[in-house]
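Novice: As numbered in mature numbering (1 follows the signal peptide of the UniProt record, and there is no 0), residues -25 to -1, 1 to 1209 make up the sequence shown, in order. Built from N, CA and C at the ideal position, the CB exists for glycine as well.
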Amino acid sequence: MNSWQVGFGAFLSIMLAAVIGVLEAAENGQPASYQVHPSSIASLKAAGAKAALAAAAAAAAEDDDDDEDYKDDGGLDDDGRIYKNPRNSPSPDCPRDEELALFLGQKCLRKCSSDEDCKSKKKKCLCDGSCGLSCIKPERECPALDNPHLGRVVVSGKLFRDKATYSCEAGFHVVGLRERSCQADGQWSGGAPTCKQNVYCKSPPEIEHARHNAFAEQLTFDLDASIQYQCTHGFVTNGFPTAKCLAMDGTTASWFGPDITCEPRSCGAPQDTAQGWHAGECYTFGCRVTYHCADGFELVGRNERFCLADGSWAPKELPACVPVQCPQPEQPVNGRAIFTSCSYNSVVSYECKYGYTLIGDTTRRCSADRKWSGQPPKCQEIECGHPGPLYNGWLENIEAGTGLGASIIFRCHEGMLLLGNTSTVCQIDGKWRYPSPLCLAPCVVPQVTQGKVIIDANATRPNMTSTGDSVMVSHGDHISLECEDRYEPALNNTPITCNNGTWSYIPRCQPARCKYMAKAPRNGMVFAPKTEHGMKARYTCKDGFTLRGESTTLCQFGNWTGEPPYCQEVYCPFPGYVENGKVLLVGNMGLYDYRPYVRKVTNNKQIMYDCNRGYVLADGPPGATCIGGHWSPKQLPRCVPGQHPRLRWSRSVRSKRAAKFRKIFRTISLRTLLRAKRALSGSSSTHVMRKTSTGSSSSSSKPGSAGSGRASPTTKPGEKGGEGGEDDEKENEENANGQDGGATKEGRKKAKGGGKKAKQANRTMSAVNRGKGGPCDAFVEENVESTTILKEGRDSNVTYSSGVIIRVTCSRGYSLNIGENVTARCIRGRWKPDKPHCRIKPCSVPASEHGIYTRSSNGNGDSSNLNSSKTAGMVLNETTEVAHNQVVEFSCSVGYNIQGPANLKCWYGVWAVAALPDCSPAPCELPHISHGQYLLGYRAGLTIGNGSSVTYQCDADYRATTHDPLNCVLGELRPRSPSCKKDGGEYITGGDITKAGGEMGAVDYLTGLRGSCGPPARVQGSLVFRNGEPLAEAERSFPDGTELFRCADIGKYAMIGSQRRKCSQGEWDGQRPVCFGLNQENDYALEKPPTILFRHQLGPIAQSNQGTLIVYPGTILHMECLWIRRFGTPKWAVSHNYRKYPEGWSSDPGRDSQLEYRLSIFHASRDDSGTFTCITPTRHTHSVEIEVKAVHCNQLPSRRGLKMSTTNTKMNTRVILTCNNGNSLIGAPELVCL
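#1: Have a look at Q172 and G146 and give me their C-alpha separation to the nearest angstrom.
#2: Should N772 go down as buried or exposed, given a rule of 16 or more other Cβ atoms within 10 Å for buried?
#3: One question on the structure: do D939 and C955 come within less than 8 Å of each other, judged by their Cβ atoms?
#4: Taking F190 as part of the beta strand (DSSP E), name the residues at either end of that continuous run.
#5: With DSSP as the reference, label N860 as helix, strand or coil.
#6: In this structure, how does DSSP classify Q1078 when only helix, strand and coil are distinguished?
#7: Report yes if the CB atom of P482 is closer than 8 Å to the CB atom of P421, and no otherwise.
#8: So, is P892 buried or exposed, given that buried needs 16 or more other C-beta atoms within 10 angstroms?
#9: Sort G126, S105, P180, C220 by Cα distance to S164 and report the nearest one.
#10: Apply the 10 Å Cβ neighbour rule to S1199 and answer buried if 16 or more other Cβ atoms are within range, or exposed otherwise.
#11: In chain order, what residues of the same chain have a beta carbon less than 7 Å from the beta carbon of H605, not counting five sequence neighbours either side?
#12: Sort T1182, N1183, S1110, T527 by Cα distance to F1147 and report the nearest one.
#13: Examine the Cβ distances between the stretch 367 to 375 and the stretch 343 to 353 and report whether three or more of them are shorter than 8 Å.
#14: Output the boundary residues of the beta strand (DSSP E) element that contains A799.
#15: If you draw a straight line from the alpha carbon of S229 to that of E238, how long is it in whole angstroms?
#16: Less than 8 Å between the C-beta atoms of F1069 and L1092, yes or no?
#17: Could you give the DSSP three-state label for S105: helix, strand or coil?
#18: Return the Cβ separation of I904 and P953 in integer angstroms, given the expectation that the two are a contact with Cβ distance under 8 Å.
#19: Since C894 contacts H812 with CB under 8 Å, what's their CB separation in whole angstroms?
#20: Pull up the DSSP beta-bridge partners for T763, would you.
#21: Which parts of the stretch 127 to 151 are runs of the beta strand (DSSP E), unbroken and 3 residues or longer, counting only runs that do not cross its ends?
#22: On the DSSP bridge list, what partners appear for T893?
#23: Roughly how many angstroms separate the alpha carbons of Q543 and L879, rounded to a whole number?
#24: Give the secondary structure of E1205 by DSSP, where H, G and I count as helix, E and B as strand, and everything else as coil.
#25: What did DSSP end up calling E1056 once you bin it into helix, strand or coil?
#26: Considering only residues of the same chain and omitting the five flanking positions on each side of E709, which have a CB-CB separation below 6 Å?
#27: What did DSSP end up calling L559 once you bin it into helix, strand or coil?
#28: Suppose you measure from the CA of T964 to the CA of R914; what does that come to, to the nearest Å?
#29: Check the C-beta distance from R386 over to E374 and give it rounded, since I have them as a contact under 8 Å.
#30: Three-state secondary structure (DSSP) at F1102?
#31: Quick check on H388: buried or exposed, where buried means 16 or more other Cβ atoms within 10 Å of its Cβ?
#32: Quick check on the DSSP output: what are the complete beta strand (DSSP E) runs of length 3 or more inside the stretch 1109 to 1144, in order along the chain?
#33: Is E1160 helix, strand or coil by DSSP?
#34: Report the start-end ranges of each beta strand (DSSP E) in the stretch 257 to 299 that is 3 residues or longer and not cut off at the edges.
#35: Just list the residues that DSSP pairs H605 with in beta bridges.
#36: In this structure, does DSSP put I815 in helix, strand or coil?
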């Protein structure tokens, strides 16, 4: 209602009141200035009363409209419009708490959520404190306020939300609300404060779960002020709820009260449902209980109830436990289900018709989840299937079928032997009663030269057949072989058996081998590597004997050919006389004079030279040894006069010396005694060796004198020769003592001193032999193809005697240590230049102009290469020799590519490769040019050969960074990074930047000239990321920064080049990355690295931006390396030893077991992280880096009215977003956790 309407109504009321007053005065007899009829007065009173009532009603209606609270009228206003129900739209920013407002003494108006909810257009939906959003009339004024005593109030206005601020004079404090607000009901909040000095109360005490009716802004309270407490919603107030401010001794004030406690409201014990119970012992506000059912019952309704603030349980309806009922089981085809009930724990059994078998569970049980356990079984027709092919035979009655009861008869072709049952029947278990038999073919009796075949008497004669000239016997029959004279069976007459048309071995007669070794001659030996036909045996004699006859014999048809040789003993002749001296023979008991008539001096006998008194040995050796019939050394010494006379010893000294010599003679080795005995035992006559006497010394020392006859240098075979045995020596000694009675004392002294000289002779003989030179050691003839003696040595009886010259030829793959075609010579018991032997031939490093050979670190298992790790990577030149079984690596210089194998293995002197590798100049790949294109048909991604050149041009408003053609120089384009830059034009100096011609240019026009790069080159199968986000195809702005590359599928592609490239001063650094397809994209070519496929279960996997495979913990991952199985089996290599991973050819249904070689990681854990490499038999590899970790995205925030399909945050989770109440979705309908 407008103000003029209100004024007019008031005026009308006043006028009516005046008229009524006049009429009443007239009626009471008071004077009036005019006369009115009584009936008119009554009618005027009635009319005035009606008018006054109407005006009052209008004013009251206006006031009621201002102060009305919300009443649900169905949303229908006076003008018939329908407004939104405010109850359905609570405001989170301005909540409504009418109970608190009433407790604070505030009157709440009609609640709303927008201006449309208010009936009057004059009202607005505004926040009114504890009353929340309410329909408020902003023009309503609050009454005027008076200044407090000793203070003042400042009012910002009288309308809604205006403030009234109180202050006091100096020395006084505002006690009460310092600031009051104009409320929606036209009243100021709280009461008027006062101004006091000191005695007042401050903030009232706080009670847990309770609140009071004082304003939170009020910090001081006057004396006798009282406030009321009440517990919050859901709690019960117990005790005295009032607090009062009282003075204490006139100077201070304090609160007294309240004395209350707030306890949660109890809902009481909830009711249990039949056949069930509830879990939970808390029955007060905020508590929750859950309901459960007994076995065989299921819960119908909500399984949880909550205790509300009003002391009731929600929901009010109890859940019910009803018996579990499973659906009626289905009847299997060709079978039936047998059951009596479908209630909980009941059992159904299945059976099939005759001729059918049950596949699956025979019984199923009704579970608590209203489902039958297991899966429905099936009745499958019993079918044994085809028993398989019968080779060399056929099946009868197979066309009648192979079902239950079917019978099959097995037949073999004529001449074949049936091994097994002749028939079989299909049984109820789907299997044939007997397996298929075998039809075994007969064998043709072979024809043998130099022999004949004898058929076993037990052979199955009915099956023996004859076809033309050939005879056949059945499987399992035996034949034997009988060879002609001088021939024998090749396999020692082992039984020959017929096995399905094939003999266990082919019978053959070969020349007979010698059954025994050739007989060795006496005092000799025979050597033969084998006793086969055609093999040779070699005869050799012992030292001191020479071979007479052929040195070799040949095994011919079981016998050794030729006459056997014999070993003839050789003797040394008398060496000659020594002037002024004598020759002494070393015997078992001492030294004796050696005379020419002693003819049989055997091998290894020794002599010593001695001079007469007054003479000493000057030139020549002190003695000699009999070796092979010759004295060594041959030279005789000379006796020259001595310079000093010999000292004369006393008899006592001579006796001591003699006793010492006798002791020495007794300790002579048994070997020397036996040798002397053997030598002397062969003498046919006794030659007496007399001791030397002074009277005969001069006459007997001359050669050719009377009585000095020489023994014959040789004796016939069988004669006993030598210088005599031990008996001869004793006889010599007796003759010397008895017959030569005139012997001088000097002779006896020399005889007694023979032991000392014998000892001296033994010490010097070995040095004499070495100086003269004996035979050389025999060398090892392993891996020797042939040995040729070019020149015989000095002793023809010794193979490798001194002076022999030989040439050794090694087998294939071996080389001689002294060099090829180089002879070896035996000189003084040693081989010159070295003892020959054959060693494994090394390899020479091949020549390559641009290739580099380095020693590989791959171990070859040879103990001689234990230091290979130290020499790994060492560059080899053409003069370097590479040992057998060693591996070298081949690489090319920068700018060249390898043509051929990269690894070479030395194998017996040759490189184990089909062709040696070589280096060819590397081609160049044309990069992508942003805002430009190549000429003459070239395009980005093509390659040009070394030395080729191309040109390119740029789009309009772009210029080329170079005007020279692009040249390919050893795999590198020059200039390296062609590009097209934004054409900046010509700029004029000054305050403004303008293009040539006066056209204004923006500062951003120079972006292309300030260090930004063109789009990075994209190749097939690659992805580009910037700051972890995939790079958009249309993006053209690339300032300085880093881009990350990886292949789209790390199992199907491999990358060559830089994974990270950085834009620096307008150019991309690093090598352009290229993703090339593996063997799957190249028809499984053997020279390509293998493709790896990934299959996973029980968890997700994903590829990271860095090119690694992320595996969620617990996932089962199968990695399948693609390789054609018939070309070998690949293998997997793992970078750690955490555990052994199963691998093998895939056998899962739907997989190709001839192509997929699988490695499986079951239930992956963090320790399984590492590099997994598949290595093909051609040594091509492809690796995958695996990282096992749990990847989760952040929890999606909840939105009002937004519905999400899941709250899972695991990697690869897809969330479908929809809206409630038919609202439309703004944004992406699907989110994926990457």
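Specialist: Inspection of the coordinates gives the following:
#1: Counting from one through the sequence shown, the residue named residue 172 turns up at place 197. Counting from one through the sequence shown, the residue named residue 146 turns up at place 171. About 6 Å.
#2: On the sequence shown, position 797 is the one that residue 772 refers to. Counting Cβ neighbours within 10 Å, N772 comes out buried, since at least 16 surround it.
#3: The count along the sequence shown starts at 1 and reaches residue 939 at position 964. The count along the sequence shown starts at 1 and reaches residue 955 at position 980. It is not a contact, given that the beta carbons lie outside the stated cut-off.
#4: Numbered from 1 along the sequence shown, position 215 holds the residue referred to as residue 190. That residue, F190, is in no beta strand (DSSP E); it is neither H nor E in DSSP.
#5: For the purposes of this step, residue 860 is identified with residue 885 of the sequence shown, where counting begins at 1. It is coil, neither helix nor strand.
#6: Start at 1 with the first residue of the sequence shown, and residue 1078 comes out as number 1103. Residue state, collapsed to three classes: strand.
#7: The residue labelled residue 482 in the question sits at position 507 within the sequence shown. The residue labelled residue 421 in the question sits at position 446 within the sequence shown. Yes, Cβ-Cβ distance for P482 and P421 is below 8 Å.
#8: Counted from its first residue, the sequence shown places residue 892 at position 917. When all chains shown are included, P892 counts as buried.
#9: Your numbering for residue 164 matches position 189 in the sequence shown. That would be S105, whose Cα lies nearest to the Cα of S164.
#10: Residue mapping note: residue 1199 aligns to position 1224 of the sequence shown, counting from 1. It is exposed - the Cβ of S1199 has fewer than 16 other Cβ atoms within 10 Å.
#11: As a working mapping, residue 605 is identified with position 630 in the sequence shown. The answer, listed in chain order, is C547.
#12: The count along the sequence shown starts at 1 and reaches residue 1147 at position 1172. Here the closest residue by C-alpha is S1110.
#13: no
#14: Residue numbering aside, residue 799 sits at position 824 when the sequence shown is read from its first letter. It spans 798 to 802 - the beta strand (DSSP E) in which A799 sits, taken as one unbroken run.
#15: Here residue 229 corresponds to residue number 254 of the sequence shown, with the count starting at 1. Here residue 238 corresponds to residue number 263 of the sequence shown, with the count starting at 1. S229 and E238: Cα-Cα distance of roughly 27 Å.
#16: Residue mapping note: residue 1069 aligns to position 1094 of the sequence shown, counting from 1. Residue mapping note: residue 1092 aligns to position 1117 of the sequence shown, counting from 1. Result yes, Cβ atoms of F1069 and L1092 sit closer than 8 Å.
#17: The residue labelled residue 105 in the question sits at position 130 within the sequence shown. Three-state result, S105: helix.
#18: Position 929 of the sequence shown, counted from the first residue, corresponds to residue 904. Position 978 of the sequence shown, counted from the first residue, corresponds to residue 953. Contact flag correct, Cβ pair sits at about 6 Å.
#19: Start at 1 with the first residue of the sequence shown, and residue 894 comes out as number 919. Start at 1 with the first residue of the sequence shown, and residue 812 comes out as number 837. 39 Å between Cβ atoms; not a contact.
#20: Counted from its first residue, the sequence shown places residue 763 at position 788. According to DSSP, which records beta bridges pairwise, T763 is partnered with R782.
#21: 138 to 143, 148 to 150
#22: The count along the sequence shown starts at 1 and reaches residue 893 at position 918. It should be pointed out that residue 893 corresponds to Asp in this sequence rather than to Thr. Answer is Q874.
#23: Taking the first residue of the sequence shown as 1, we reach residue 543 at position 568. Taking the first residue of the sequence shown as 1, we reach residue 879 at position 904. Computed Cα separation, rounded: 59 Å.
#24: The residue given as residue 1205 occupies position 1230 in the sequence shown. It is a strand residue.
#25: Working through the sequence shown from its first residue, we reach residue 1056 at position 1081. Of the three classes helix, strand and coil, the one that applies to E1056 here is helix, per DSSP.
#26: Counting from one through the sequence shown, the residue named residue 709 turns up at place 734. Low local confidence applies: a pLDDT of 37 at E709 is under 50, so the model's placement there is unreliable, with the coordinate-based value given in what follows. So the list is empty, once near-sequence residues are dropped.
#27: Position 584 of the sequence shown, counting from 1, holds the residue named residue 559. Three-state DSSP puts L559 in a strand.
#28: For the purposes of this step, residue 964 is taken as the residue at position 989 of the sequence shown. For the purposes of this step, residue 914 is taken as the residue at position 939 of the sequence shown. Note that T964 scores 33 on pLDDT, short of 50, meaning its location in the model is unreliable; the coordinates nonetheless yield the value given after this. C-alpha of T964 to C-alpha of R914: approximately 40 Å in a straight line.
#29: Locating residue 386 in the sequence shown gives position 411, where the first residue counts as 1. Locating residue 374 in the sequence shown gives position 399, where the first residue counts as 1. Contact doesn't hold; Cβ gap of about 14 Å is too wide.
#30: Locating residue 1102 in the sequence shown gives position 1127, counting from the first residue. F1102 falls in the helix class under three-state DSSP.
#31: Position 413 of the sequence shown holds residue 388. H388 is exposed by the Cβ-count criterion.
#32: Runs found: 1118 to 1120, 1131 to 1136.
#33: By one-based count along the sequence shown, residue 1160 stands at place 1185. Here E1160 sits in strand by DSSP.
#34: 263 to 268, 272 to 275, 279 to 282, 295 to 298
#35: As a first step, residue 605 must be located in the sequence shown, where it is residue number 630. Beta-bridge pairing links H605 to I602.
#36: Counting from one through the sequence shown, the residue named residue 815 turns up at place 840. Strand.
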